[in-house]
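J.: Sharing a structure, written as structure tokens. Questions coming.
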Amino acid sequence: MIPDHLFEPFRSQGLDLPNRIVMAPMTRCFSPDGVPGDDVVQYYRRRAEGGAGLIISEGTAIDEPAAITSPRIPRFHGEEPLGGWQRIVDTVHAAGSAFFPQLWHTGAARQSELSANPEIEAISPSGLFAPGQAVGRAMTDADIERLVTAYGQGAEDAKRLGCDGIELHFAHGYLVDQFFWPEVNLREDAHGADRYLLAEAIVAECRRRVGPGFPIGLRFSQWKQQDYDARIFANSADLSAFLTRMVDAGVTIFHCSSRRFWEPEFAGETLNLAGWTKKLTGVTVITVGSVGLNQEFLVSRTGIDTAIDESRLETLNGMLARGEFDLVAIGRALLADPFWPRKVRAGRFEDLVTYSKDAERTLV
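According to full-length UniProt numbering, the sequence shown is numbered sequentially starting from 1.
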């Protein structure tokens with residue numbers, strides 16, 4: 001079946017999209033010295049022409065010295081990198097899609113010894129990458145103040161370039177998510193007592209810089225790269241407390257990262273993380289998690305013998321129809337096949353390019 005609800009227009013809270021398909025952010029490392037060049041411009045152009053209604057960029061480094069490891073990760077600060085992003089924004093718009101940059105700091109996931117500046121230590125709430133695993137140093141009050149300012153500047157620059165919104169990467173065990181995670185946030189100050197305080201300050205600063213009406217997205221997850229079974233929210237009440245504060249600070253979109261979109265978030269319930277987020281907030285919500293991946297990939301990576309393409313798309317279509325979420329982010333399937341949306345809409349499932357690790361080695 002063709003998942004028709006994926007191809008309905010979406011208009012809400014400052015967004016005007018031709019369909020419900022979002023290109024998920026995926027780190028590529030094809031920007032030497034942090035500058036996205038013509039090959040990166042064309043990479044995003046193909047996904048826009050292929051039918052993704054909203055393009056969210058790969059993670060981009062904010063203006064903080066310890067933000068990233070690889071010098072090939074694009075920066076979202078400085079004249080030359082921002083010039084590259086201006087070309088991308090204009091190109092994506094010309095192809096009929098909207099564009100958000102994802103603003104990112106890796107925190108203790110930064111591998112200083114592999115970076116262009118090995119003398120700069122990784123920073124995090126308590127100098128921990130994972131429970132009991134020391135990396136870098138704990139952040140000072142001055143570090144935190146500088147971080148908030150850097151995120152705000154990134155948001156301001158995004159609006160100036162004509163971006164349609166921003167996404168804040170607060171997921172997957174990176175810096176801000178490390179503050180959420182009690183096993184690695186061992187601080188004895190206000191940021192330890194209130195694990196959402198930093199996120200709230202960043203969102204508020206971004207909102208102050210861009211003003212009302214400009215979409216601010218926030219990507220969050222339960223799972224971490226350090227621990228797939230990590231849980232920040234034990235139940236919907238915990239989740240609601242977090243979401244309410246982020247909305248009050250200025251978030252208008254939540255991008256809810258699950259490893260598999262069809263799995264319920266809480267035991268004994270039916271909604272996934274995005275479904276709960278929509279129910280609790282009513283704001284725009286994006287779901288993500290193995291959309292479009294085929295059976296062979298899932299079995300090899302997870303041991304789960306579950307067909308994906310058509311059968312899982314039918315499940316996804318039903319969830320959209322019930323209003324459990326608004327938008328659907330597609331990652332690896334779009335990495336392999338820029339024209340995934342157009343092919344699916346036409347029912348050309350047999351023509352879809354299957355994802356493999358080879359797709360990560362080029363900018364197809």
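The beta-carbon is built from N, C-alpha and C at its ideal position, and this holds for glycine as well.
Measuring CB atoms only, is the region 270 to 282 touching the region 313 to 327, in the sense that at least three cross pairs come out at less than 8 angstroms?
T.: With the cut-off at 8 angstroms, the region 270 to 282 and the region 313 to 327 touch.
J.: Which ranges would you report for the beta strand (DSSP E) in the region 35 to 108 if only whole runs of at least 3 residues count?
T.: Runs of the beta strand (DSSP E) inside the region 35 to 108: 54 to 61, 98 to 104.
J.: Secondary structure at Gln178, three-state DSSP: helix, strand or coil?
T.: Reduced to three states, the DSSP call for Gln178 is helix.
J.: Closer than 6 angstroms by C-beta to His5: which residues in its own chain qualify, once you throw out the five before and the five after it? Chain order, please.
T.: The answer, listed in chain order, is Asn317, Leu320, Ala321.
J.: Using the Cα positions of Phe266 and Asp238, report the straight-line distance between them to the nearest angstrom.
T.: So the alpha carbons of these two residues sit roughly 11 angstroms apart.
J.: Given that a residue counts as buried once 16 or more other Cβ atoms are within 10 Å of its Cβ, and exposed if not, what is Lys357?
T.: Per the 10 Å Cβ criterion, exposed.
J.: Pro264 to Thr270, Cα distance in whole Å?
T.: If I take the Cα positions, the gap works out to 5 angstroms.
J.: Please work out which residues of its chain come closer than 8 angstroms, Cβ to Cβ, to Arg209, disregarding the five sequence neighbours upstream and downstream, and give them in chain order.
T.: So the qualifying residues of the chain are Gly152, Gln153, Ala155, Glu156, Lys159.
J.: Report the CB separation of Arg198 from Gly192 in whole angstroms; it is logged as a contact under 8 angstroms.
T.: Here the sequence assigns Leu to residue 198, which means Arg is not the residue at that position. Not confirmed; about 11 angstroms, so no contact.
J.: Output the residue ranges of the beta strand (DSSP E) runs that lie fully inside the region 306 to 332 and measure 3 residues or longer, sorted by chain position.
T.: Listed in chain order, the complete beta strand (DSSP E) runs (minimum 3 residues) inside the region 306 to 332 are 327 to 330.
J.: Quick test of the definition: if touching needs 3 or more C-beta pairs under 8 angstroms, does the region 203 to 219 touch the region 241 to 260?
T.: Yes: at least three Cβ pairs fall under 8 angstroms.
J.: Tell me the DSSP secondary structure of Phe349 in three-state form.
T.: In the structure shown, Phe349 sits in a helix (DSSP, three-state: H, G or I).
J.: Let me check understanding here. Comparing Cα to Cα, which of Gly34, Gly217, Asp194, Arg259 lies closest to Glu80?
T.: The shortest C-alpha separation from Glu80 is found at Gly34.
J.: Buried or exposed: where does Asp164 fall if 16 or more other Cβ atoms within 10 Å of its Cβ makes it buried?
T.: Buried.
J.: Identify, in the order they occur along the chain, each residue of the same chain with its Cβ nearer than 7 angstroms to the Cβ of Asn235, setting aside the five sequence neighbours on each side.
T.: Once the five neighbours on either side are set aside, the close Cβ partners of Asn235 are Phe266.
J.: In angstroms with no decimal places, state the Cα-to-Cα distance between Gly162 and Val89.
T.: About 7 angstroms.
J.: DSSP on Thr217, reduced to helix/strand/coil?
T.: Looking at the sequence itself, residue 217 is Gly, so the reference to Thr does not match. Here Gly217 sits in strand by DSSP.
J.: Would you mind working out which of Pro118, Arg46, Leu168, Gly96 sits nearest His105, comparing C-alpha positions?
T.: Comparing Cα-Cα distances from His105 to each of Pro118, Arg46, Leu168, Gly96, the minimum goes to Leu168.
J.: If we count the other Cβ atoms within 10 Å of its Cβ and call it buried at 16 or more, is Gln133 buried or exposed?
T.: Under this definition Gln133 is an exposed residue.
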